[in-house]
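A quick write-up on the structure given underneath.
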Amino acid sequence: MNFLVQVPNPEPMAWSNAARKLVALGVDVIVTYGAPATLTVMKETSSIPVIFAGVYNPDKMNISGKNATGISSKIPMDDLLKKLSSVKKFSTLGVVFNKAEKDTILQVLEIKKLEAALGFKAVLFDARKKGVVSAIKGVDAILMTTSCSAMQQVSEVVKAARQHKIPSAASITGGEEAGILITLSASPDEQGRVAGEMLLKILNGNAISSIAQKTPSEFEYSVNVREAEAQGFSIPDSVKSGATRVIK
């Protein structure tokens, strides 16, 4: 068995080139991670089986189809925002997303639906625009969506958060050590494991239409107490409770 790995930069042209290369080589199955890569591959082929992971809300993007299945990475967004609010009550929430990544747009829409119930207003920061992330200010709290380009700038987000004493949260892993205070995400281990199990089924001759899409049952919840204290915030026990990782 041969594996061909493509790791494109988080931009449309790179996603498209990677997808076209795999399709041109006539691979038997394509495994994708994240909505942008998955959507691009499905645009390039309707015949090669596609197994996806790390897609926030596949149904809303019509990703599931005759040649695709996988596992979503949707989290309880209201729970994450309530945890962040317990650290500091916020009336304005800076949301870092990317207009070129549709799953982050869906997260923005989900967040905006929670504005009235949780008493805040979302302020959007598009990670594609140069200097936007490093210039974050004027908000009470920050939330990072699952945007790949945003996560590449996580150090800049944390720098702005430290400078202006703004508590931060993320719906994707990778920023905990950098200084994101609260992270709630679908477990990467489960995402990879389920995708691998689905791949084996395809390689063993099962039709992709017979493999049901799954939702995550395992989550990673990290709390960076060390960073919170450095910024002058106190993490309540109710927020630390249930954490799979506490950074002290």
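Numbering (the numbering used here), first residue to last: 1263 to 1510. Idealized CB from N, CA, C, for every residue including glycine.
- Here Ser1309 carries a coil assignment [DSSP, helix/strand/coil].
- Restricting attention to alpha helix (DSSP H) runs no shorter than 4 residues, the region 1378-1448 encloses them at 1410-1413 and 1416-1426, ordered along the chain.
- The region 1470-1486 and the region 1335-1353 touch, with three or more beta-carbon pairs separated by less than 8 Å.
- One Cα belongs to Ile1473, the other to Thr1331, and the distance between them is close to 7 Å.
- In this chain, Gly1454 is not harboured by any beta strand (DSSP E); it is covered by the alpha helix (DSSP H) spanning Pro1450 to Leu1465.
- Shortest Cα-Cα distance from Val1401 to any of Ala1423, Val1416 and Lys1364 involves Ala1423.
- Taking a cut-off of 8 Å on C-beta distances, the region 1452-1461 does not touch the region 1369-1389, as fewer than three cross pairs fall below it.
- Going by C-alpha positions, Thr1407 is about 15 Å away from Ser1449.
- The shortest CA-to-CA distance from Lys1364 to any of Asn1468, Pro1498 and Thr1302 is the one to Thr1302.
- Asn1324 sits in coil when the DSSP states are folded into three classes, being neither helix nor strand.
- Counting of Cβ neighbours within 10 angstroms places Phe1265 among the exposed residues, the total staying below 16.
- In the DSSP assignment, Ala1505 falls outside any beta strand (DSSP E) and carries neither an H nor an E.
- Approximately 5 Å separates the beta-carbon atoms of Gly1296 and Gly1316; this is inside 8 Å, confirming the contact.
- Annotated three-state conformation of Ala1362 is coil, per DSSP.
- Here the alpha carbon of Ser1278 sits roughly 15 Å from the alpha carbon of Val1312.
- Listed as beta-bridge partners of Asn1486 by DSSP are Ile1509.
- With contacts defined as CB atoms closer than 8 Å, Leu1405 and Phe1382 fail to qualify as a contacting pair.
- DSSP, reduced to helix, strand and coil, places Val1349 within a helical segment of the structure shown.
- Counting only residues of its own chain and dropping the five nearest sequence neighbours on each side, Pro1272 has a CB closer than 6 Å to the CB of Cys1410 and Ser1411.
- Taking the C-beta atoms as reference points, Phe1359 is found no nearer than 8 Å to Ala1403.
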